[in-house]
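Chemist: Everything in the sequence shown is counted per my numbering, starting at -7 for the first residue and increasing by one. Supplied in structure tokens, the structure appears directly below.
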Amino acid sequence: MPILIAPALVGVLVDHGQFSESYAGWVIASGSFGVAALLMFISVRIHKLNLKKLAGLSLGVVVIIDIYSSFSANPDLYFLVTRFLAGVAMGAANIVVYTSFATMPNYERGYGLFVLMQFVVSGLGLYFLIIYSQNIGVQGTYLSLATLDLIALFLIRYLPDRSVTKEVDGSSHTEMKVLLSLVTLFAVVGFGLFEASGFAQFTYIERVGMAIPLSELTVGNIMLVSSLIGIPGSLVIILIGTRFGLIPPLLFGMLCSLVGMGILLTTKTYTSYFISACLLGFGWALCLPYIQTLLAKLDKKGSALAAGNSFATIGAALGPAFAAMVVGNSNYDRVFALSITLLLFAGASLLISIIRMQINAK
């Protein structure tokens, strides 16, 4: 998904596409809004849909849209609509992967592997896009995304069919009963706030490095390392699962992120930038699979996962949008203050959800 390389994509649009920093943020946000719209629509119908076929069709559409975007990238409303439609198509592939993991034994470790791969792709994408942005430009960037979409399209065949997954959970709960329970609502809102916090700072983290100032090569190397540092974070759930519950690892991951943002609020040097980026990458990767596991525990058929990822994607869109509103003339401290506030509310909401789930289970 383009959101995985958001900082570098913003840089490409600003430096090589005549976009302002604010408008580039809205490009990222528009795609995320599209994903969220599709996931919200699916969340109340997911028990009845053949998501594998829908994902295959949608990825084919995304390939076409990304190729088209490579030739039509201009800072105008038409391009925002195009990226919104790409996000709508991408949403189906997104949720079929999440629900496929929920059908497997030890599904929490599956989410850990998924997050691990996200950070590998993000790290490599950020590195090469920042380092070689002058060579590939905006057109090459979207053509590269189209190539990745095409690879994903061929991999869809290996996901389980709906006929395999439909009997996983014998619960008689309908989608709406699951979605309207307080434990689900707090989990869904908390996930949305968590992603809003993460992507608010993630969208402009590359620009912070440039403003210190650091060279493109240095920033690219730090972005690569910080993304790869996410791998140990995602390995935590693979190694220990939920042996210690959900709350301790979530609190530790969020603390890492808060410390990372706090460092950049107080000092901006090569060392502080490097440490902060690594803490943010580790904390984010540690928390994500545990949040997905919480949603899977609420409904393995996928309605909570779809709604949660819809709100998370809305958060991933609103985060850059809010950041674009407050960044002004490179006022990055405002972005970090916003991100810290959102993360604190996210933590409170997720904790309430987990505690209520534990109480209901007794």
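Glycine included, every Cβ here is placed at the ideal spot set by N, Cα and C.
(1) Give the secondary structure of residue 37 by DSSP, where H, G and I count as helix, E and B as strand, and everything else as coil.
(2) Do three or more CB pairs link the segment 268 to 280 to the segment 241 to 251 at distances below 8 Å?
(3) Going by beta carbon distance, what residues of the same chain come within less than 6 Å of residue 275, once the five residues before and after it are set aside?
(4) What is the DSSP secondary structure of residue 260, counted as helix, strand or coil?
(5) Which residues in the same chain as residue 175 place their Cβ atom closer than 8 Å to its Cβ, once the five residues preceding and following it in sequence are excluded?
(6) Please list, in chain order, all residues of the same chain as residue 234 whose beta carbon is under 7 Å from its beta carbon, the five residues on each side excluded.
(7) Please work out which residues of its chain come closer than 7 Å, Cβ to Cβ, to residue 300, disregarding the five sequence neighbours upstream and downstream, and give them in chain order.
(8) Which of the three DSSP states, helix, strand or coil, is assigned to residue 325?
(9) From what residue to what residue does the alpha helix (DSSP H) around residue 202 run?
(10) Measure the C-alpha to C-alpha separation of residue 2 and residue 206 and round it to an integer number of angstroms.
(11) Taking residue 55 and residue 145 to be in contact with their CB atoms under 8 Å, please state how far apart those CB atoms are, rounded to whole angstroms.
(12) Just to confirm my understanding: we take residue 102, look at its own chain, exclude 5 residues before and 5 after, and list those with CB closer than 6 Å. What are they?
(13) Can you give me the C-alpha to C-alpha distance between residue 328 and residue 141, rounded to a whole angstrom?
(14) Got a sec? Which residues, its chain only, sit under 6 Å from residue 358 by beta carbon, not counting five neighbours each side?
(15) Please list, in chain order, all residues of the same chain as residue 52 whose beta carbon is under 8 Å from its beta carbon, the five residues on each side excluded.
(16) Taking 8 Å as the threshold (C-beta atoms), are residue 108 and residue 227 in contact?
(17) Starting from the Cα of residue 47, find the closest Cα among 150, 104, 63, 11 and give me that residue.
(18) Taking the continuous alpha helix (DSSP H) assigned at residue 305, which residues delimit it?
(19) Go to residue 85, then tell me how far its alpha helix (DSSP H) extends in each direction, as first and last residue.
(20) Please confirm whether residue 35 and residue 76 have their CB atoms less than 8 Å apart.
(21) In whole angstroms, what is the alpha-carbon distance linking residue 197 and residue 310?
(22) I'd like the span of the alpha helix (DSSP H) that includes residue 115, first residue to last.
(23) Please list the terminal residues of the continuous alpha helix (DSSP H) segment that includes residue 61.
(24) What did DSSP end up calling residue 207 once you bin it into helix, strand or coil?
(25) Cutting at 8 Å between CB atoms, please list the residues of its own chain near residue 13, excluding the five before and the five after it.
Modeler: Short version:
(1) In the three-state reduction of the DSSP assignment, residue 37 falls in the coil class.
(2) Yes, they touch.
(3) Closer than 6 Å at the Cβ level, and outside the excluded window around residue 275, lie 245, 248, 249.
(4) Residue 260: coil per DSSP, three-state reduction.
(5) 290, 345, 348, 349, 352, listed in sequence order.
(6) If we look at residue 234 and ignore the five residues flanking it on each side, its Cβ neighbours are 100, 285.
(7) If we look at residue 300 and ignore the five residues flanking it on each side, its Cβ neighbours are 179, 180, 183, 287.
(8) Under the three-state reduction of DSSP, residue 325 is assigned to helix.
(9) The continuous alpha helix (DSSP H) containing residue 202 extends over residues 174 to 203.
(10) Distance between the alpha carbons of residue 2 and residue 206 is about 17 Å.
(11) Yes, residue 55 and residue 145 are in contact; Cβ-Cβ is about 7 Å, under 8 Å.
(12) Cβ neighbours of residue 102 beyond the five flanking positions: 93, 96.
(13) Distance from the CA of residue 328 to the CA of residue 141, rounded to the nearest whole angstrom, comes to 32 Å.
(14) The requested residue 358 does not occur in the structure, where the chain is confined to residues -7 to 354.
(15) Excluding sequence neighbours, residue 52 sits near 145.
(16) A contact, by the Cβ cut-off of 8 Å.
(17) Nearest to residue 47 by C-alpha distance, out of 150, 104, 63, 11, is 150.
(18) Here the alpha helix (DSSP H) through residue 305 covers 295 to 319.
(19) Where residue 85 is concerned, the enclosing alpha helix (DSSP H) stretches over 69 to 94.
(20) No, the pair does not count as a contact, with Cβ atoms beyond the cut-off.
(21) Rounded to the nearest whole angstrom, the CA to CA distance from residue 197 to residue 310 is 16 Å.
(22) DSSP places residue 115 inside the alpha helix (DSSP H), whose first and last residues are 99 to 147.
(23) Here the alpha helix (DSSP H) through residue 61 covers 43 to 64.
(24) In the structure shown, residue 207 sits in coil (DSSP, three-state: anything other than H, G, I, E or B).
(25) Around residue 13: 2, 6, 196, 199, 316, 319, 322.
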